[in-house]
Structure formats: C-alpha cells, structure tokens
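Here's the structure we're looking at; comments come further down.
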Amino acid sequence: MSDENKLIETAYVEHMSDHFRRTSEELLYAYQRNKEAARHHEAGAFKAALHHAKLSKHHSFNAHEHLKEALSIAERIDAVQPSSSQIRMPFVPSGVQ
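Each residue of the sequence shown is one higher than the last, beginning at 4 in this note's numbering.
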C-alpha cells in the first residue's frame, strides 16, 4: 500500500471515529431527554414531557445519521483495500523453520 493510500485510510478512520464519538454523545443526550420526558409525564406535566420527547427523538435521529455516515466511510475504506485474493503472500516452503 502506498504512503498516499495509508494517509487517506488514516483520514477516513479518524473521520469515522469522530462519527462514532458523536453518535455516542447524541445517544446519551437522547437517553437524558427521554428520562426527563418520563419524569415530567409522571408529574402530569404533559407539555414538558412532549417537549423532552421531541428533543430525544431529535438526538436519536442525529445518532442514526452519524452511524450511517460511519458505515459509508467504512464501505469506502473497504472498497479501496485490496481483497484477500489480491494480496500476495510471500512464498514460504513447508518444512522450513
């Protein structure tokens, strides 16, 4: 693999890693908003519960988008890498130790 390909792959991996980090943050926010919605609902504050539920939905959607983008990057990396049938292994005679 050339140095240029290694740099491109490294950039892809860093970008994909950033999407995974953002996904985890968004899922945490969604969880927190969902908990707030449940608290408000139990207290009878239905308007506030609806507001927090909508925010939770928004964060869940954002997490989904980040995961889709990470998957897209992973597919691009896979397309650039040679398949296992294209990789040539050095010849090592059997019985040589």
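Glycine is no exception: its CB is placed at the ideal position from the N, C-alpha and C atoms.
Since the model is a prediction, treat every value here as computed from it, not as a measurement.
Residue state for Gln84 is assigned as coil, using DSSP reduced to three classes.
Apart from sequence neighbours up to five positions away, the residues of its chain that approach Ala73 with a beta-carbon distance below 8 angstroms are Met19, His22, Phe23 and Thr26, ordered along the chain. Going by beta carbons, Tyr34 and Arg79 fall outside the 9 angstroms limit.
Apart from sequence neighbours up to five positions away, the residues of its chain that approach His69 with a beta-carbon distance below 6 angstroms are His22, Arg25 and Thr26, ordered along the chain. Distances from the CA of His55 to each of Glu39, Gly47 and Leu30 were compared; the closest alpha carbon is that of Glu39.
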